[in-house]
Amino acid sequence: MNKRILKVLTKREILSGIYGINVYFLIFLSCIMASIFFYTFLDTMKNGIITGTPMLTTFIFSVIPLSGLYFGVSAVTSIAKERSEKTIEVLFYGPVSEENYILEKYINKMFLYCYFLSLVIIFFVLSDKFMNFGLGTNFLKVCFLSILIVSCAVSFGIFLSTLAPSENMSIVILIGFYVCMGSLLILESMLELPTHGNINIIQNMFLKIVHISRMIDPIHYFSLGMSSISDGGKELLDFKLFKTSVDKYILSVLESTIYSVIMIVASIISMKIKGVK
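Below you can see the structure in the form of C-alpha cells.
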C-alpha cells in the first residue's frame, strides 16, 4: 500500500464531497426532519404532555435513518458505478493498489459523515438554546454510536459494491439484503421460538440463521448500544473473543469496530479476486 497515493486519492474525493451539493442537501433534509420533531414536542409540551428525551428521540428518528440510508447507498454504488463507467480501470493502470482504492472509499465516506455530523450537532446545540430540551451525555453517546453504525453500513456497502457488476445491481443486492433481514425479524417475532429447552432441528436451524443474520446486520450493533443507553448500562453481555462480560454499549463499540475491519479486509480480498472489470 502506497501512503502517498492513498493521501492523494482521499484528498481528491473528500474535496469533491465537501464542494458538492449532496452532503448539504442531506444536512438540509435532516434539519427539516428534526424541526418537525421539535415542533411536535413543543406542541405536546403546551398540553403538559412530554415523555422521553426530545433531542435524543429526534436525532435517532430523523438524522440517523437519513444519513445511514444516504451513506449506505453511496457506498454500495461507489465501486460498481466506476466499474460500469470503466473509470476504475484508469486508476489501476497507475500505482493504485486494491488497498489504496478500498481505504480511500472508506475514509472518504467516514470523513464526510463526520463533517455532516458536526454541522448537525451545531444545529441541535443552537436549537437547544432556544427550546431548552436538554442534550445530556446520552446524546453524545448516540452521536458516537451513529459514527459506528455508519462505519458498518459503509464498509458493508463497499464490500457489496465489489461484488456487484453494475450500479443498479448493487442497489438490488442492498435492498434484497435488508428485505431478508426484515423478513427474518418478522418471522422470529411471529414464531416466538424459545432460545433454550425443547427445540427441534428446524427451530434450531432457524435460530442459527437468525444469529448469523444479526452478525452481518449493521443495525444490530446500533440496537445493542441503544439498549445499553436505555437501561442505564445495567446489563452485561459476554464478549466471547476475550472471554469476559462487558457493558452492552462497550460491546457494541467493540463488535462494530471489528465488523468494519472485517468488511474492509473482505472488500480488499474481493477486489483482488474479482479485479477491476
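In our numbering, the protein residues as written are 2 to 278.
Ideal Cβ placement from N, Cα and C applies to all residues, glycine included.
If the five residues before and after Tyr114 are omitted, its C-beta is found closer than 6 Å to the C-beta atoms of Phe72, Val151, all from its own chain and listed in chain order.
Here the region 117–126 makes contact with the region 19–29; the two share three or more CB pairs at distances below 8 Å. In the DSSP assignment, Asp129 forms no beta bridge with any residue.
Fully contained in the region 11–65 are the following alpha helix (DSSP H) runs of length 4 or more, in chain order: 23–47, 55–59. The Cβ atoms of Ser229 and Ser261 lie no closer than 8 Å to each other. Between Ser79 and Ser162, the C-beta gap is smaller than 8 Å, which places the two residues in contact. Per DSSP, Phe160 is one residue of the alpha helix (DSSP H) stretching across 137–164.
When C-alpha distances from Leu141 are compared across Gly69, Ile61, Met206, the shortest belongs to Ile61. If you look at Phe223, you'll find it in the alpha helix (DSSP H) that goes 219–231. The criterion of a C-beta distance shorter than 8 Å is satisfied by Met264 and Ser156. Between Ala81 and Ala165, the beta carbon gap of about 4 Å places them in contact (Cβ cut-off 8 Å).
Buried is the label assigned to Arg84, since at least 16 other Cβ atoms lie within 10 Å of its Cβ.
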